[in-house]
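Since the structure comes first, as structure tokens, the remarks are kept for the end.
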Amino acid sequence: MELVIQYLFVGLVLIGGAMAALSRHVLYNIIGLGISLFGLACLFLQLGSPFVAAMQLLIYLGGITVAIVFAMMLSVAMTLDPLTRTPVKTGFAGVAVLIFGLGVYGLITSTTFATAPLAASEAWAVGRIGSALLEHYNLVFETLSVVLLLAIIGAILIARSEREGGESA
Amino acid sequence: MSLESLLLLSLVLFCLGLFAALSHRNLIAVLIGIELMMNAASLNLMAFNRFSVTDPTTGQVFVLIIIGLAAAEVAIFLSIILNLYRTHRTIDAEELTELHG
């Protein structure tokens, strides 16, 4: 039963990824991304981290995917008729991905990874993440908050300045 | 699920994202490819965090930071896309050749 559920999650991730990579219509790409992100959140839950799974659902599915849908709706003329990909471009992309994939596959299969015993369940508690963020990783945490603030201000500036220019012109 | 199968899954996801980022012409679809690649990296970190680390806090904090950085990146990318659409009336990667050498 557990194995079936795991295969279901893996299937969600792969089907969503294939939809996002292969479909020509942007809306199907976004839906595929959403399916793939949902499957990944389920896998994170399976890997013992409910907090990261919840953040994946909240930020990625609830925030980023919806933001991409907004951007798609604001550039709707481009999405009504999907752009055709030239076979040359697709072919070169396919060859590049194939070379990369085979190389990394060789690396994965030829490496023996060190394994550690599964940590005790209290080590997986959400409180541990909170105290790690505020103690050991405090600098990273603060830097990330500054980066997010700068990103918000930068996004507002980039999206705003052109409108003012358009009005004066 | 073993560590190797999770690594292979994340490799397939990364390859799909790389293909999307290289082959799509719509900039939004390119962004989606980049997101897929970042998620493959997250899955890798979570797999190693589960199977080969004694303190599982590190990997989870790492993945949270990746998610936060992805949010910042998407905000900037989307505002650039909107600006491009306003000034050039296109978000086709092959028509935006102003900086082309």
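For the record, the sequence lines run as chains A and B.
Position one of the first sequence corresponds to residue 1012 (the numbering used here), numbered consecutively onward.
Position one of the second sequence corresponds to residue 1058 (the numbering used here), numbered consecutively onward.
All residues carry an ideal CB built from backbone N, CA and C; glycine is no exception.
Here the structure is a predicted model, which means the values were calculated and not measured.
Chain B contact for residue i (CB, 7 angstroms cutoff)
{"i": "Ala1082 of chain A", "result": "yes"}
{"i": "Leu1068 of chain A", "result": "no"}
{"i": "Glu1178 of chain A", "result": "Below a pLDDT of 50, predicted positions are generally treated as unreliable, and Glu1178 of chain A, at 48, falls in that range; the measurement from the model is reported next regardless. It does not: the Cβ of Glu1178 of chain A has no partner Cβ on chain B nearer than 7 angstroms."}
{"i": "Arg1139 of chain A", "result": "yes"}
{"i": "Thr1154 of chain A", "result": "no"}
{"i": "Gly1028 of chain A", "result": "yes"}
{"i": "Leu1159 of chain A", "result": "yes"}
{"i": "Asn1149 of chain A", "result": "no"}
{"i": "Phe1020 of chain A", "result": "no"}
{"i": "Ala1031 of chain A", "result": "yes"}
Under the three-state DSSP convention, the category residue i falls into
{"i": "Ile1148 of chain B", "result": "coil"}
{"i": "Ser1179 of chain A", "result": "Legend: pLDDT at Ser1179 of chain A = 43, less than 50; position of this residue unreliable, value from coordinates given subsequently. Helix."}
{"i": "Pro1113 of chain B", "result": "coil"}
{"i": "Ser1130 of chain B", "result": "Here the sequence assigns Glu to residue 1130 of chain B, which means Ser is not the residue at that position. DSSP places Glu1130 of chain B in helix when its eight states are reduced to three."}
{"i": "Ser1136 of chain B", "result": "helix"}
{"i": "Leu1156 of chain B", "result": "coil"}
Residue-level contact to chain A via CB, residue i, 7 angstroms cutoff
{"i": "Thr1005 of chain B", "result": "The structure shown has nothing for residue 1005 of chain B, since chain B only spans 1058 to 1158."}
{"i": "Met1094 of chain B", "result": "no"}
{"i": "Asn1101 of chain B", "result": "no"}
{"i": "Phe1076 of chain B", "result": "yes"}
{"i": "Ser1136 of chain B", "result": "yes"}
{"i": "Leu1060 of chain B", "result": "yes"}
{"i": "Ser1067 of chain B", "result": "no"}
{"i": "Phe1108 of chain B", "result": "yes"}
{"i": "Ile1122 of chain B", "result": "yes"}
{"i": "Ala1098 of chain B", "result": "no"}
{"i": "Ile1091 of chain B", "result": "no"}
First through last residue of the alpha helix (DSSP H) which encompasses residue i
{"i": "Gln1017 of chain A", "result": "1013 to 1033"}
{"i": "Gln1057 of chain A", "result": "1037 to 1057"}
{"i": "Thr1076 of chain A", "result": "1076 to 1085"}
{"i": "Val1069 of chain B", "result": "1060 to 1080"}
{"i": "Ile1089 of chain B", "result": "1084 to 1108"}
Check whether residue i and residue j have beta carbons under 7 angstroms apart
{"i": "Ala1128 of chain B", "j": "Ile1070 of chain A", "result": "yes"}
{"i": "Ala1064 of chain A", "j": "Leu1056 of chain A", "result": "yes"}
{"i": "Ala1097 of chain B", "j": "Leu1064 of chain B", "result": "no"}
{"i": "Val1037 of chain A", "j": "Ala1086 of chain B", "result": "yes"}
{"i": "Ile1122 of chain B", "j": "Leu1014 of chain A", "result": "no"}
{"i": "Ser1067 of chain B", "j": "Leu1100 of chain B", "result": "yes"}
{"i": "Gly1028 of chain A", "j": "Ser1047 of chain A", "result": "yes"}
{"i": "Ser1109 of chain B", "j": "Ala1127 of chain A", "result": "yes"}
{"i": "Ala1170 of chain A", "j": "Leu1139 of chain B", "result": "yes"}
{"i": "Arg1035 of chain A", "j": "Ser1080 of chain B", "result": "no"}
{"i": "Leu1084 of chain B", "j": "Ala1150 of chain B", "result": "yes"}
{"i": "Gly1059 of chain A", "j": "Arg1143 of chain B", "result": "no"}
- prompt: If you scan the region 1091 to 1174 of chain A from start to end, which runs of the beta strand (DSSP E) of 3 or more residues do you find wholly inside it?
  reply: none
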